[in-house]
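With my numbering, letter number 75 in the sequence shown gets 340, and the count goes up by one each step, no holes.
What follows is a single structure, written as structure tokens, with notes after it.
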Amino acid sequence: MNSLRRWATARLQKQVADLEAELDARDRIIAVLESERDSLAGVLARDRERIKAEGAAYARQRAESEGVTDEQRTDQGAH
266 MNSLRRWATA RLQKQVADLE AELDARDRII AVLESERDSL AGVLARDRER
316 IKAEGAAYAR QRAESEGVTD EQRTDQGAH
């Protein structure tokens, strides 16, 4: 009976060790994915700002080509 108990204990300890190793591996995967997510969030924020700046530059350029000054655009927006 004692040898059966030792065998069962050893088997359970191995299963626990295997599960802990699997959990550690998954934790590392999650950390990598979170890092990638944060990196992509930074890229999206940067691109969003770039697009806003390009849109504003386009609007200024178009207004200038139509002969509208910044002051006139501001005045038109106030009315």
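Just so you know, even glycine gets a beta-carbon here, dropped at the ideal spot from N, CA and C.
Every value quoted in this text rests on a predicted model; they were computed, and no experiment measured them.
Measuring straight from C-alpha to C-alpha, what distance separates Leu309 and Lys279? Answer to the nearest angstrom: the Cα atoms are 45 Å apart.
In terms of residue numbering, what span does the alpha helix (DSSP H) encompassing Gly320 cover? Boundaries of the alpha helix (DSSP H) around Gly320: 267 to 330.
Within the same chain, show all residues whose beta-carbon is closer than 8 Å to that of Gly332, passing over the 5 residues directly before and after it, in chain order. Only residues of its own chain outside the window of five on either side were considered, and among them none has a CB closer than 8 Å to the CB of Gly332.
Alpha carbon of Ala398 to alpha carbon of Arg313, nearest angstrom: Coverage of the chain is limited to positions 266 through 344, which leaves residue 398 absent and any answer about it impossible.
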